[in-house]
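Novice: So the sequence shown is numbered by the numbering used here: it starts at 24 and just counts up by one.
Note that CB positions come from ideal geometry on N, CA and C, so glycine has one too.
Pasting a structure below so you can have a look.
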Amino acid sequence: MEWQEISGSFVLVPRNPVAIIHFLGGAFVGTAPNFTYRWLLEQLGKEGYGVVATPFVNTFDHLAIARSVLNRFENIIDRLQTNNIVGQGYLPIYGIGHSMGCKLHLLIGSLFSVQRSGNILISFNNYPVKRAIPFLEQIDVDNSLNLEFTPSPEETKLIITKSYDIRRNLLIKFSKDNIDETNILNPILQERFTNMVVLRTLSGNHLTPLGQEINWQAGEVFTPLDAVGQWVKQNFARDLYGLKNEILLWLNPTKNFL
Numbered sequence: 024m025e026w027q028e029i030s031g032s033f034v035l036v037p038r039n040p041v042a043i044i045h046f047l048g049g050a051f052v053g054t055a056p057n058f059t060y061r062w063l064l065e066q067l068g069k070e071g072y073g074v075v076a077t078p079f080v081n082t083f084d085h086l087a088i089a090r091s092v093l094n095r096f097e098n099i100i101d102r103l104q105t106n107n108i109v110g111q112g113y114l115p116i117y118g119i120g121h122s123m124g125c126k127l128h129l130l131i132g133s134l135f136s137v138q139r140s141g142n143i144l145i146s147f148n149n150y151p152v153k154r155a156i157p158f159l160e161q162i163d164v165d166n167s168l169n170l171e172f173t174p175s176p177e178e179t180k181l182i183i184t185k186s187y188d189i190r191r192n193l194l195i196k197f198s199k200d201n202i203d204e205t206n207i208l209n210p211i212l213q214e215r216f217t218n219m220v221v222l223r224t225l226s227g228n229h230l231t232p233l234g235q236e237i238n239w240q241a242g243e244v245f246t247p248l249d250a251v252g253q254w255v256k257q258n259f260a261r262d263l264y265g266l267k268n269e270i271l272l273w274l275n276p277t278k279n280f281l
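As structure tokens, then:
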């Protein structure tokens with residue numbers, strides 16, 4: 024099972040996939056999701072999920088980005104079906120987003136007609152421009168320019184509150200993530216879809232989904248450096264595997280991944 028580049032997206036499709044995942048990463052790291060999120064996405068592929076990871080370049084117009092990544096995803100699905108890579112029958116489609124990718128999936132689920140079996144929203148972030156781009160406050164920018172994302176954070180919350188249409192959702196936040204805004208999103212979705220929204224707090228931080236498994240091999244003589252390496256490996260593995268298992272359990276509650 025190898026990554027393929029199709030129409031500017033990165034695709035990983037196992038034989039006879041059980042579902043398709045549309046993955047959208049965070050700002051900047053989302054430009055090469057097949058590298059930055061490789062471990063997590065390949066683990067999903069090994070469990071039978073086809074993955075379409077759509078890269079994007081961050082601009083102020085988040086609505087345009089959402090429309091673009093959706094159009095590219097749907098074109099890829101058509102190509103995969105036409106070439107009989109995923110077959111012609113029905114396959115569930117799930118959205119998974121990290122950080123800004125959550126906002127994009129929320130806009131897609133609110134403003135466009137899509138069929139989704141559910142969304143997994145990891146480390147939701149909806150900051151305004153000046154907080155999302157910290158150095159902007161230090162630059163002498165003409166205030167009359169009114170630099171802000173489209174839609175703005177407040178407009179985004181209003182759109183979700185009124186129009187978000189994906190009923191089943193898993194929200195994941197991390198215990199050491201100080202830029203996460205999942206606690207703002209959770210009550211909005213709970214109000215729309217009572218008992219259909221699950222919130223999980225896991226060990227880790229905002230960068231946990233980008234982690235890669237560390238292959239630390241101790242030398243013939245176990246040294247203090249080896250002890251540190253093993254400790255780092257165990258902590259990274261714990262957080263990564265915890266995230267992977269939580270996602271897989273929600274996707275298929277009947278299977279034990281622990």
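Can you tell me where the beta strand (DSSP E) holding F64 begins and where it ends?
Specialist: It should be noted that the sequence gives Leu, not Phe, for residue 64. No beta strand (DSSP E) contains L64, which is instead part of the alpha helix (DSSP H) from R61 to K69.
Novice: Taking just the CA atoms, how far does T77 sit from M219?
Specialist: Using only the alpha carbons, I get a separation of about 27 Å.
Novice: What residue range is occupied by the uninterrupted alpha helix (DSSP H) comprising Q213?
Specialist: Looking at the DSSP string, the run of the alpha helix (DSSP H) that includes Q213 is T205 to R215.
Novice: For E25, count the other beta carbons within 10 Å of its own beta carbon; 16 or more makes it buried, fewer makes it exposed. Which is it?
Specialist: Label assigned to E25: exposed.
Novice: On a CA-only basis, which of N81, L64, L35 and F46 is nearest E171? Give me that one, please.
Specialist: For E171, the nearest C-alpha among the options comes from N81.
Novice: Hey, out of S122, D203 and D101, whose CA is closest to G112's CA?
Specialist: Cα-wise, what sits closest to G112 is D101.
Novice: When the Cα atoms are used, what is the spatial distance from L263 to E269?
Specialist: Their backbone Cα atoms lie some 10 Å apart in a straight line.
Novice: To the nearest angstrom, report how far apart F216 and Q235 are at their CA atoms.
Specialist: For F216 and Q235, the distance between alpha carbons rounds to 34 Å.
Novice: What's the C-alpha gap between T205 and M123?
Specialist: If you take the alpha carbons of T205 and M123, they lie about 12 Å apart.
Novice: Under a three-way DSSP split, which group does R223 fall into?
Specialist: Of the three classes helix, strand and coil, the one that applies to R223 here is strand, per DSSP.
Novice: Which of the three DSSP states, helix, strand or coil, is assigned to L194?
Specialist: L194: strand per DSSP, three-state reduction.
Novice: Please name the residue in S136, L266 and I189 whose C-alpha comes closest to that of L225.
Specialist: For the residues S136, L266 and I189, the minimum Cα distance to L225 belongs to L266.
Novice: From S175 to V52, what distance separates their C-alpha atoms?
Specialist: Going from the Cα of S175 to the Cα of V52 covers about 21 Å.
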